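Trainee: Below is one structure. I have some questions about it.
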Amino acid sequence: MNIILFGPPGAGKGTQAQQIVDKHNYFQLSTGDLLRDEVKKKTDLGKQIEEKISKGNFVSDEIVNELLKNTIKELKFRDRIIFDGYPRTIQQSKNLDIILKEFNQKIDLIISLHVPRDVIEKRIEGRVTCEKCNTTLNKFFNEKEIEMHPCGSDRFIRRKDDNSETLMNRYDIYTETTKPVIDFLAQKSFFHQIDGTLKIGEITNKIDTFINV
Ligand code: AMP
Numbered sequence: 511m512n513i514i515l516f517g518p519p520g521a522g523k524g525t526q527a528q529q530i531v532d533k534h535n536y537f538q539l540s541t542g543d544l545l546r547d548e549v550k551k552k553t554d555l556g557k558q559i560e561e562k563i564s565k566g567n568f569v570s571d572e573i574v575n576e577l578l579k580n581t582i583k584e585l586k587f588r589d590r591i592i593f594d595g596y597p598r599t600i601q602q603s604k605n606l607d608i609i610l611k612e613f614n615q616k617i618d619l620i621i622s623l624h625v626p627r628d629v630i631e632k633r634i635e636g637r638v639t640c641e642k643c644n645t646t647l648n649k650f651f652n653e654k655e656i657e658m659h660p661c662g663s664d665r666f667i668r669r670k671d672d673n674s675e676t677l678m679n680r681y682d683i684y685t686e687t688t689k690p691v692i693d694f695l696a697q698k699s700f701f702h703q704i705d706g707t708l709k710i711g712e713i714t715n716k717i718d719t720f721i722n723v
């Protein structure tokens, strides 16, 4: 069962994807992570990508589609991929169907996390990532976990694109460009919207009921 997880920036997509990975042995395919990996390589392509990401703008469909295809081609996981941050445009949605068909697979479940704008803003403002183990925590909600972090690190960094201005841009781009994709996919029988303001565990339980059918 391949899954698409939708939600505006800060909706908790990454957290839920991680739960699915751990519980059901899935591969989390985050295009944001793929792009950040490319940036780390400091290639010309990486520099081009960094410029877009730092402003909260979309990287071109061409680049993202290519990175996605190369990743799926190499994957040992079959029918256990969770797409996080992709598709974000109609073109990407069509492309996903084509790529999956090529590898004899399809999308079986779509989850959309719904979180109002004011809640998202607070979440993003507090978001920090552990430099060592890459865990994401929130300085408003996870004070203790940040002070006594299990991996032993005390170096938490903010993602470059986690500032209010970029956030507003990312949120607006999400509503403008990705919402039409969601509205289009919402017609499918395997599409489910979940209230993303519920507790993490409650959301996980809801998702589990769809995965376990
Ligand atoms: P994310 O980690 O999913 O929040 O993505 C971080 C940033 O990477 C986004 O704000 C975009 O600039 C870029 N990005 C990630 N996925 C895509 C995608 N599917 N299409 C275009 N740009 C993307």
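All letters in the sequence shown, in the order written, are residues 511 to 723 by our numbering. C-beta atoms are modelled at their ideal positions from N, C-alpha and C, and glycine is treated no differently. Treat the numbers as computed from the prediction; the structure is a model and nothing was measured.
Return yes when the Cβ of Ile717 is within less than 8 angstroms of the Cβ of Ile621, no when it is not.
Mentor: Residue numbering aside, residue 621 sits at position 111 when the sequence shown is read from its first letter. Residue numbering aside, residue 717 sits at position 207 when the sequence shown is read from its first letter. Yes, Cβ-Cβ distance for Ile621 and Ile717 is below 8 angstroms.
Trainee: If we call anything under 8 angstroms between Cβ atoms a contact, is Thr581 one with Leu539?
Mentor: As a position in the sequence shown, residue 581 is number 71, starting the count at 1. As a position in the sequence shown, residue 539 is number 29, starting the count at 1. Yes, Cβ-Cβ distance for Thr581 and Leu539 is below 8 angstroms.
Trainee: Excluding the five sequence neighbours on either side, which residues of its own chain have a C-beta within less than 7 angstroms of the C-beta of Asn575, listed in chain order?
Mentor: For the purposes of this step, residue 575 is taken as residue 65 along the sequence shown, with counting starting at 1. Taken in chain order, the residues that qualify are Gln602, Asn605.
Trainee: Does the Cβ-Cβ distance between Phe537 and Phe587 come in under 8 angstroms?
Mentor: Within the sequence shown, numbered from 1, the residue matching residue 537 stands at position 27. Within the sequence shown, numbered from 1, the residue matching residue 587 stands at position 77. Taking 8 angstroms as the Cβ cut-off, Phe537 and Phe587 qualify as a contacting pair.
Trainee: With a cut-off of 8 angstroms on the beta carbons, I'd call Ile530 and Leu545 a contact; round off their distance for me.
Mentor: On the sequence shown, residue 530 is found 20 positions in, with the first residue counted as 1. On the sequence shown, residue 545 is found 35 positions in, with the first residue counted as 1. With 8 angstroms as the limit, Ile530 and Leu545 do not qualify as a contact, their Cβ atoms being about 21 angstroms apart.
Trainee: Could you give the DSSP three-state label for Asp628: helix, strand or coil?
Mentor: For the purposes of this step, residue 628 is taken as residue 118 along the sequence shown, with counting starting at 1. Helix, per DSSP.
Trainee: Rounded to the nearest angstrom, what separates Asn722 and Ile609 at their Cα positions?
Mentor: Position 212 of the sequence shown, counted from the first residue, corresponds to residue 722. Position 99 of the sequence shown, counted from the first residue, corresponds to residue 609. Asn722 and Ile609: Cα-Cα distance of roughly 25 angstroms.
Trainee: Check each candidate in Gly542, Arg627, Leu619, Lys551 and name the one with the smallest Cα separation from Arg598.
Mentor: Numbered from its first residue, the sequence shown carries residue 598 at position 88. It is Gly542.
Trainee: Looking at Asp671 and the ligand AMP, is the gap between the Cβ and the nearest heavy atom below 7 angstroms?
Mentor: Within the sequence shown, residue 671 is the residue found at index 161, counting from 1. Yes, the beta carbon of Asp671 sits closer than 7 angstroms to at least one heavy atom of the ligand AMP.
Trainee: At a cut-off of 7 angstroms, is Phe516 close to the ligand AMP when judged by its beta-carbon and the heavy atoms of the ligand?
Mentor: By 1-based counting over the sequence shown, the position of residue 516 is 6. For the ligand AMP, not one heavy atom lies less than 7 angstroms from the Cβ of Phe516.
Trainee: In whole angstroms, what is the alpha-carbon distance linking Glu561 and Val638?
Mentor: Counting from 1 along the sequence shown, the entry for residue 561 is found at position 51. Counting from 1 along the sequence shown, the entry for residue 638 is found at position 128. Distance between the alpha carbons of Glu561 and Val638: 21 angstroms.
Trainee: For His702, does the three-state DSSP call read helix, strand or coil?
Mentor: Looking up residue 702 in the sequence shown gives position 192. Strand, per DSSP.
Trainee: If the criterion is Cβ atoms closer than 8 angstroms, does the pair Gln526 and Thr646 meet it?
Mentor: As a working mapping, residue 526 is identified with position 16 in the sequence shown. As a working mapping, residue 646 is identified with position 136 in the sequence shown. No, the Cβ-Cβ distance between Gln526 and Thr646 is not below 8 angstroms.
Trainee: Determine which residues share a DSSP beta bridge with Asp594 and list them.
Mentor: Taking the first residue of the sequence shown as position 1, residue 594 is located at position 84. Bridge partners of Asp594: Leu515, Ser540.
Trainee: How far does the beta strand (DSSP E) with Arg637 in it reach, from first residue to last?
Mentor: The residue given as residue 637 occupies position 127 in the sequence shown. Where Arg637 is concerned, the enclosing beta strand (DSSP E) stretches over 637-640.
Trainee: Check whether the segment 648-657 and the segment 626-640 touch, using three or more Cβ-Cβ pairs below 8 angstroms as the test.
Mentor: Counting Cβ pairs under 8 angstroms, three or more are found: they touch.
Trainee: With a cut-off of 8 angstroms on the beta carbons, I'd call Asp589 and Met658 a contact; round off their distance for me.
Mentor: Here residue 589 corresponds to residue number 79 of the sequence shown, with the count starting at 1. Here residue 658 corresponds to residue number 148 of the sequence shown, with the count starting at 1. At roughly 39 angstroms, the Cβ-Cβ gap does not stay under 8 angstroms, so Asp589 and Met658 are not in contact.
Trainee: Under the assumption that Asp693 contacts Arg680 (Cβ atoms under 8 angstroms), give the Cβ distance between them as a whole number of angstroms.
Mentor: Position 183 of the sequence shown holds residue 693. Position 170 of the sequence shown holds residue 680. The Cβ separation is near 19 angstroms, so there is no contact.
Trainee: What residues match up with Ile617 in a beta bridge as DSSP calls it?
Mentor: In the sequence shown, counting from the first residue as 1, residue 617 sits at position 107. Answer is Asn512.
Trainee: Taking 6 angstroms as the limit between beta carbons, can you name the residues of its chain near Phe593, skipping five residues before and five after?
Mentor: For the purposes of this step, residue 593 is identified with residue 83 of the sequence shown, where counting begins at 1. The residues are Ile514, Leu539.
Trainee: Could you tell me if Pro660 is buried or exposed, where buried requires 16 or more neighbouring beta carbons within 10 angstroms of its beta carbon?
Mentor: Here the question's residue 660 lines up with position 150 in the sequence shown. Counting Cβ neighbours within 10 Å, Pro660 comes out exposed, since fewer than 16 surround it.
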